[in-house]
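Some notes on the structure that comes next.
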Amino acid sequence: MATAVRVHTTIDGFRRALAEHRSGGATIGFVPTMGYLHDGHASLMRAAASSDDVAVASIFVNPLQFAATEDLGTYPRDLERDLAIAEESGVREMLHPDVAEMYPTPVLTTVTVSGVTSRFEGAARPEHFAGVATVVTKLFSITGACRAYFGEKDYQQLAVVRRLAADLSMPVEVVGCPTVREHDGLAMSSRNVYLSDGQRQAAPVLYRAMVEAAGAARGGNRSVDDLRAVMHERITRTPGVDSVDYAEIVDADTLEDVTEVGGRQRILVAARFGSTRLLDNIALDTPPAG
Numbered sequence: 110m111a112t113a114v115r116v117h118t119t120i121d122g123f124r125r126a127l128a129e130h131r132s133g134g135a136t137i138g139f140v141p142t143m144g145y146l147h148d149g150h151a152s153l154m155r156a157a158a159s160s161d162d163v164a165v166a167s168i169f170v171n172p173l174q175f176a177a178t179e180d181l182g183t184y185p186r187d188l189e190r191d192l193a194i195a196e197e198s199g200v201r202e203m204l205h206p207d208v209a210e211m212y213p214t215p216v217l218t219t220v221t222v223s224g225v226t227s228r229f230e231g232a233a234r235p236e237h238f239a240g241v242a243t244v245v246t247k248l249f250s251i252t253g254a255c256r257a258y259f260g261e262k263d264y265q266q267l268a269v270v271r272r273l274a275a276d277l278s279m280p281v282e283v284v285g286c287p288t289v290r291e292h293d294g295l296a297m298s299s300r301n302v303y304l305s306d307g308q309r310q311a312a313p314v315l316y317r318a319m320v321e322a323a324g325a326a327r328g329g330n331r332s333v334d335d336l337r338a339v340m341h342e343r344i345t346r347t348p349g350v351d352s353v354d355y356a357e358i359v360d361a362d363t364l365e366d367v368t369e370v371g372g373r374q375r376i377l378v379a380a381r382f383g384s385t386r387l388l389d390n391i392a393l394d395t396p397p398a399g
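Take the sequence shown: its letter number 168 is residue 277 in the numbering used here, and every next letter is one higher.
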């Protein structure tokens with residue numbers, strides 16, 4: 110049964126609430142979000158509630174991860190609905206600070222994770238991952254020892270968070286959870302609300318193209334070039350798709366290029382539907398060559 114979620118607008122208030130829970134020996138499961146929640150977020154919250162004694166979350170639209178050309182003000186927000194979803198999913202404590210609470214003075218300290226951020230989303234949005242890494246580091250510092258739940262849908266972000274938690278010896282276990290999809294395979298995302306009807310019909314091609322490539326790999330095609338071409342052809346010939354940013358197969362841990370299919374790998378795709386840019390990924394786990 111859902112328990113009423115307490116909303117904290119200050120960092121100190123949130124910390125005190127978690128200290129109260131820990132004083133009784135409770136473990137903490139934490140889900141950081143930017144709000145406008147959907148069932149993908151809810152699945153993370155349910156995972157935290159089922160695996161830890163107390164599920165907590167945050168809603169904060171982080172300005173550090175928006176470029177000057179991206180309109181922070183138009184990011185969708187619906188706090189009342191978000192809190193209802195969080196409560197139904199078992200969240201007990203919610204941190205919902207404003208920008209002045211999170212960044213009371215100009216930010217002079219930032220966190221960067223090199224290597225894993227240099228390509229894909231890092232290349233498309235150069236400021237993005239420094240903003241993500243900085244706010245996640247701050248949220249982990251505020252929350253303290255916990256399990257932190259992130260969706261695999263933003264796979265590069267998950268890799269960044271795992272690396273920064275390990276490199277900085279944070280008392281945080283980063284848990285990756287499966288992507289939640291619509292009935293037609295489209296990965297749930299807050300960006301989906303920007304799609305027109307025609308674009309929404311076209312958008313599931315990202316998932317279908319990856320599944321087609323994965324099927325070809327399981328059928329014996331180990332050529333990365335061939336599988337990349339399969340995905341590009343499937344996506345670009347779909348009406349409603351304006352361009353493909355990338356469709357790649359990479360090492361699942363380092364996100365580096367691979368020369369042939371085999372072992373733990375990941376298929377990553379991103380494409381533009383009008384002004385909306387969507388990304389997706391799936392696992393490609395096949396026996397190593399030979």
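Using N, Cα and C, we set each Cβ at its ideal position, and we do this for glycine too.
For residue i, collect the residues of the same chain with a Cβ closer than 8 Å to its Cβ; drop the 5 residues on either side in sequence, then sort them by chain order.
| i | result |
| --- | --- |
| A72 | The chain is shown from 110 up to 399; residue 72 falls before or after that span and cannot be answered. |
| T119 | P206, E210 |
| T221 | F238, A239, A242 |
| D335 | A325 |
| Q266 | E230, F238, V241, F259 |
| A275 | none |
Report the rounded CA-to-CA distance for residue i versus residue j, giving the unit in angstroms.
| i | j | result |
| --- | --- | --- |
| L377 | V333 | 12 Å |
| A398 | H341 | 24 Å |
| P215 | I344 | 43 Å |
| V289 | G260 | 8 Å |
| V339 | A323 | 10 Å |
| S305 | E291 | 16 Å |
| R327 | R337 | 15 Å |
| H130 | V245 | 22 Å |
| T226 | A128 | 34 Å |
| P396 | E357 | 19 Å |
| Y303 | C286 | 25 Å |
| L217 | S250 | 17 Å |
| M297 | Q308 | 14 Å |
| D121 | E179 | 31 Å |
| G149 | K262 | 9 Å |
| F169 | Y212 | 12 Å |
| L192 | T368 | 46 Å |
Near residue i, which residues of its chain fall below 6 Å by C-beta distance, leaving aside the five closest residues on each side in sequence?
| i | result |
| --- | --- |
| D162 | A135, T136 |
| L204 | H117, F123, S167 |
| L273 | V222, A242 |
| V284 | R256, Y258 |
| A151 | I194, S198 |
| V140 | L153, M154, A157, A166, Y258 |
| G372 | P397 |
| A126 | E202 |
| L181 | P172, F175 |
| A361 | R373, Q374, R375 |
Taking Cβ to Cβ, would you say residue i is nearer than 8 Å to residue j?
| i | j | result |
| --- | --- | --- |
| Y258 | L153 | yes |
| A164 | R201 | yes |
| I391 | M319 | yes |
| A157 | R256 | yes |
| V353 | R375 | no |
| L315 | A254 | no |
| R317 | T385 | no |
| A176 | E236 | yes |
| D234 | L364 | The sequence given here has Arg at residue 234, not Asp. Contact: no. |
| S160 | G138 | yes |
Would a check of beta-carbon distances place residue i closer than 8 Å to chain C?
| i | result |
| --- | --- |
| V170 | Any reference to chain C falls outside this structure, which holds one protein chain only. |
Could you give the C-beta distance for residue i and residue j, rounded to a whole number, given that I count them as a contact under 8 Å?
| i | j | result |
| --- | --- | --- |
| S167 | L277 | That belief does not hold up - the Cβ atoms of S167 and L277 are roughly 19 Å apart, past 8 Å. |
| R155 | S223 | Actually they do not touch by this definition, with Cβ atoms about 34 Å apart. |
| R331 | V269 | That pair is no contact at about 29 Å. |
| G329 | P313 | That pair is no contact at about 26 Å. |
Among the residues of its own chain, which have a CB less than 7 Å from the CB of residue i, if the five just before and after it don't count?
| i | result |
| --- | --- |
| E321 | V339, R343 |
| D366 | V359 |
>> For the pair the region 171–190 and the region 143–151, tell me if three or more CB-CB distances fall below 8 Å.
In response: Under the three-pair Cβ rule at 8 Å, the region 171–190 counts as touching the region 143–151.
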